[in-house]
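Numbering (this note's numbering), first residue to last: 42 to 346.
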Amino acid sequence: NPQRIVPTTMEFVDIAGLVEGASKGEGLGNKFLANIRETDAIGHVVRCFENDNIVHVAGRVSPSADIEIINTELALADLDSVEKAIHRQGKKAKGGDKQAAAEIAVLQKLLPALENGDMARSVALSDDERAVIRSYNLLTLKPTMYIANVNDDGFENNPYLDEVRAIAAKEDAIVVPVCAEIESEIAELDEAEKAEFMTDLGLTEPGLNRVIRGGYQLLNLHTYFTAGVKEVRAWTIPIGSTAPQAAGKIHTDFEKGFIRAVVVGFDDYVQYRGEQGAKEAGKRREEGKEYIVKDGDVILFRFNV
């Protein structure tokens with residue numbers, strides 16, 4: 042019973058819809074694209090249902106056409122950015138600027154794909170190459186999740202959903218099917234009503250939970266916890282982080298002065314009702330600098346500044 046519980050958060054930004062020609066300023070155009078550049082990943086909601094009472098702007102239901110419109114606009118915007126950057130950095134590279142030369146090499150590697158209307162993420166880049174051009178915030182290099190909006194009976198045997206999955210497989214994107222109509226109803230209910238409603242529909246959780254997990258998967262993240270009498274807090278870190286790196290999420294001094302981490306696995310922490318119970322059961326352990334933090338670990342850091 043801590044005095045304070047602090048969950049971790051993932052922010053989803055609802056950006057106004059994009060229209061054909063946005064890369065040339067149509068609709069909200071550049072404002073829309075600038076908003077996307079500020080995100081870590083893209084969640085693209087795609088219509089995968091038929092309903093004569095809900096009009097599609099193009100007068101038809103075609104997930105592949107909808108996706109192509111968006112992806113083409115993003116690729117055209119990136120193509121413009123890359124061409125300008127190559128021209129701009131070319132002058133610096135001729136003057137001996139090694140960073141500019143390194144950037145140009147990677148950008149030129151992406152150019153053919155973008156000219157073909159393909160995503161930059163379809164080009165195989167090393168981690169070092171990605172780091173070189175990270176500051177450009179290329180739209181089509183961002184990891185993408187297609188949120189397939191289906192009818193309540195459209196989670197299986199849905200050709201529109203299959204269409205989206207086929208596209209995602211080629212792009213190394215992920216697909217999360219949800220029924221927006223059900224989600225809007227769930228959002229209006231209290232916890233007790235929510236549980237009963239989902240049970241009646243044969244659901245184990247809201248679709249929003251799956252979208253959040255999809256976000257974690259896209260960004261290669263997971264969570265560890267710190268727990269005390271005053272506060273229990275969740276911390277989000279990249280998968281593969283070492284104990285000192287996880288400590289640095291709390292404060293840089295924790296990472297610099299790291300000595301060791303006292304760790305209890307999440308299931309053990311729950312089963313033995315806290316750190317003391319886990320210790321008595323032999324489930325508490327001490328880990329050093331090389332320890333790779335696992336999802337759900339409950340950790341106490343020992344450090345010296």
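Built from N, CA and C at the ideal position, the CB exists for glycine as well.
Where does Met186 sit, in a helix, a strand or coil, going by DSSP?
In this structure, Met186 counts as strand in the three-state DSSP scheme.
For His263, report the span of its beta strand (DSSP E) as first-last.
Taken as a continuous stretch (DSSP letters only), the beta strand (DSSP E) holding His263 covers 262-268.
Alpha carbon to alpha carbon, how far is Pro43 from Arg343? Give it in angstroms, no decimals.
21 Å
Report yes if the C-beta distance between Asn190 and Val270 is below 7 Å; otherwise report no.
Asn190 places its beta carbon 7 Å or farther from that of Val270.
Can you give me the C-alpha to C-alpha distance between Leu180 and Ala116, rounded to a whole angstrom?
Rounded to whole angstroms, Leu180 to Ala116 spans 7 Å at the Cα level.
At a cut of 8 Å, does the segment 202-218 reach the segment 77-96 through at least three beta carbon pairs?
The segment 202-218 makes contact with the segment 77-96; the number of CB pairs closer than 8 Å reaches 3 or more.
Give me the DSSP bridge partner(s) of His85.
Note: His85 is bridge-paired with Tyr187 in the DSSP secondary-structure output.
Would a C-beta distance cut-off of 7 Å place Met51 and Gly256 closer than the cut-off?
yes
Tell me whether Ala275 sits in a helix, a strand or coil according to DSSP, three-state version.
Here Ala275 carries a strand assignment [DSSP, helix/strand/coil].
Just reading off the alpha helix (DSSP H) that Leu202 is part of, what are its end residues?
200-212
DSSP three-state label for Phe238, please.
helix
Under 7 Å between the Cβ atoms of Asp309 and Ala319?
yes
Hey, Leu155 and Asp119: beta-carbon distance below 7 Å or not?
For Leu155 and Asp119, yes; Cβs fall inside 7 Å.
Excluding the 5 residues flanking Asn345 on each side, which residues of the same chain have their C-beta closer than 8 Å to its C-beta?
Gly298, Ile300
Taking just the CA atoms, how far does Ala142 sit from Gly337?
Distance from the CA atom of Gly337 to the CA atom of Ala142, rounded to whole angstroms, is 43 Å.
Just reading off the beta strand (DSSP E) that Arg162 is part of, what are its end residues?
Per DSSP, Arg162 belongs to no beta strand (DSSP E) and is neither H nor E.
Per the contact definition of three or more C-beta pairs closer than 8 Å, is the segment 77-84 in contact with the segment 126-144?
no
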